[in-house]
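Numbering (our numbering), first residue to last: 566 to 785. Backbone N, C-alpha and C define an ideal beta-carbon position, used for all residues, glycine too. All of these numbers come straight from a predicted model, not from anything done at the bench.
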């Protein structure tokens with residue numbers, strides 16, 4: 566790691582956070598659960614991601630979140646969720662999680678990821694619509710960072726891969742009710758991708774703890 570907090574994989578979040586102005590309402594609202602459905606690509610997804618990336622950067626100077634997942638691939642059908650990758654210095658994961666809580670993000674429930682690689686969710690109102698958001702806080706040294714970027718870039722570059730991937734997601738959903746957490750459970754590469762078969766219908770346990778002095782997540 567160099568003095569600017571950048572490793573070989575690009576910028577990582579290392580700077581102290583900035584609080585919202587006193588009395589200001591957090592920009593992120595309560596997450597809304599919904600059945601897993603596959604929707605056509607939303608052309609506004611990139612705008613929403615840019616706004617979220619700016620919000621995070623303003624609260625944690627030096628943070629460089631990236632738009633990943635299906636909504637980051639033009640023309641690719643998906644669940645309509647805005648996924649962000651936030652590569653973070655491991656020593657700062659707890660503090661940047663607190664920063665996300667300060668913006669209004671909440672813990673995933675049930676939690677599918679460990680505290681050392683948390684995912685936080687929420688909703689951003691943009692235009693006339695509410696967008697569900699998943700922020701993946703991933704250690705900058707983890708191979709998952711390259712995996713998530715690489716999968717996004719491969720989908721962007723290969724029309725046949727986009728078609729096959731979209732067809733896979735539709736087939737999973739058409740096969741019956743799907744557990745939202747299991748649908749995107751990390752695979753062996755660490756890149757969130759749809760599961761298959763009965764694995765999509767299994768849940769996970771959740772543990773909720775707030776340490777003294779920490780900002781509690783929004784009570785939704």
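**Q.** Burial state of residue 656 (16 or more Cβ within 10 Å)
**A.** Counting from 1 along the chain shown, the entry for residue 656 is found at position 91. Counting Cβ neighbours within 10 Å, residue 656 comes out exposed, since fewer than 16 surround it.
(Q) Please classify residue 669 as buried or exposed, where buried requires at least 16 neighbouring CB atoms within 10 angstroms. (A) For this step, residue 669 is matched to residue 104 along the chain shown. Counting Cβ neighbours within 10 Å, residue 669 comes out buried, since at least 16 surround it.
Q: Following the continuous beta strand (DSSP E) through residue 597, name the residue where it begins and the one where it ends.
A: Translated into the one-based positions of the chain shown, residue 597 becomes position 32. Looking at the DSSP string, residue 597 is not in any beta strand (DSSP E), and its letter there is neither H nor E.
Q. Using the C-alpha atoms, what's the distance from residue 589 back to residue 695?
A. What you label residue 695 is simply residue 130 of the chain shown in a count that begins at 1. What you label residue 589 is simply residue 24 of the chain shown in a count that begins at 1. Whole-angstrom Cα-Cα distance: 20 Å.
Q.
On a Cα-Cα basis, can you pick out the residue from 593, 698, 601 and 619 that is closest to residue 737?
A. Within the chain shown, the letter at position 172 stands for residue 737. Of the candidates 593, 698, 601 and 619, the one whose C-alpha sits nearest the C-alpha of residue 737 is 601.
Q: Kindly indicate which three-state DSSP category residue 718 falls into: helix, strand or coil?
A: As a position in the chain shown, residue 718 is number 153, starting the count at 1. If DSSP states are grouped into helix, strand and coil, residue 718 belongs with the helices.
Q: Keeping to the same chain, check which residues put their C-beta closer than 7 Å to that of residue 613; ignore five residues upstream and five downstream.
A: For the purposes of this step, residue 613 is taken as the residue at position 48 of the chain shown. Closer than 7 Å at the Cβ level, and outside the excluded window around residue 613, lie 647, 689, 691 and 696.
Q | Cβ-based neighbour list, residue 720, same chain, cut-off 7 Å, excluding 5 preceding and 5 following | A | Taking the chain shown and counting its residues from 1, the one referred to as residue 720 is at position 155. Excluding positions up to five away in sequence, the list reads 638, 641, 726, 727 and 730.
Q. To which residues of the same chain is residue 678 closer than 7 Å at the C-beta, ignoring the five residues directly before and after it?
A. Indexing the chain shown from 1 puts residue 678 at position 113. Correct list, in chain order: 684.
(Q) I'd like to check one pair, residue 699 with residue 645: are the Cβ atoms closer than 9 Å? (A) Counting from one through the chain shown, the residue named residue 645 turns up at place 80. Counting from one through the chain shown, the residue named residue 699 turns up at place 134. Contact: no.
Q.
Per DSSP, what are the beta-bridge partners of residue 527 in this structure?
A. Past the boundaries of the shown model lies residue 527; the chain is included only from 566 to 785, so the question cannot be answered.
Q. Under the three-state reduction of DSSP, which class applies to residue 680: helix, strand or coil?
A. Position 115 of the chain shown, counting from 1, holds the residue named residue 680. Residue state, collapsed to three classes: coil.
Q. Going by DSSP, what residues sit across from residue 652 in a beta bridge?
A. Walking along the chain shown from the start, residue 652 turns up at place 87. 703.
Q: Identify the continuous beta strand (DSSP E) that holds residue 738 and give its terminal residues.
A: On the chain shown, residue 738 is found 173 positions in, with the first residue counted as 1. Unbroken run through residue 738 is the alpha helix (DSSP H), 724-739; no beta strand (DSSP E).
Q) In its own chain, which residues sit with a C-beta less than 6 Å from the C-beta of residue 701, not counting the 5 before and 5 after it? A) The residue given as residue 701 occupies position 136 in the chain shown. The beta carbon of residue 701 is closer than 6 Å to those of 650 and 684 in its chain, skipping five residues each way along the sequence.
(Q) Between the alpha carbons of residue 661 and residue 716, how many angstroms are there, rounded? (A) The sequence position of residue 661 within the chain shown is 96, counting from 1. The sequence position of residue 716 within the chain shown is 151, counting from 1. CA-to-CA, the gap between residue 661 and residue 716 works out to about 25 Å.
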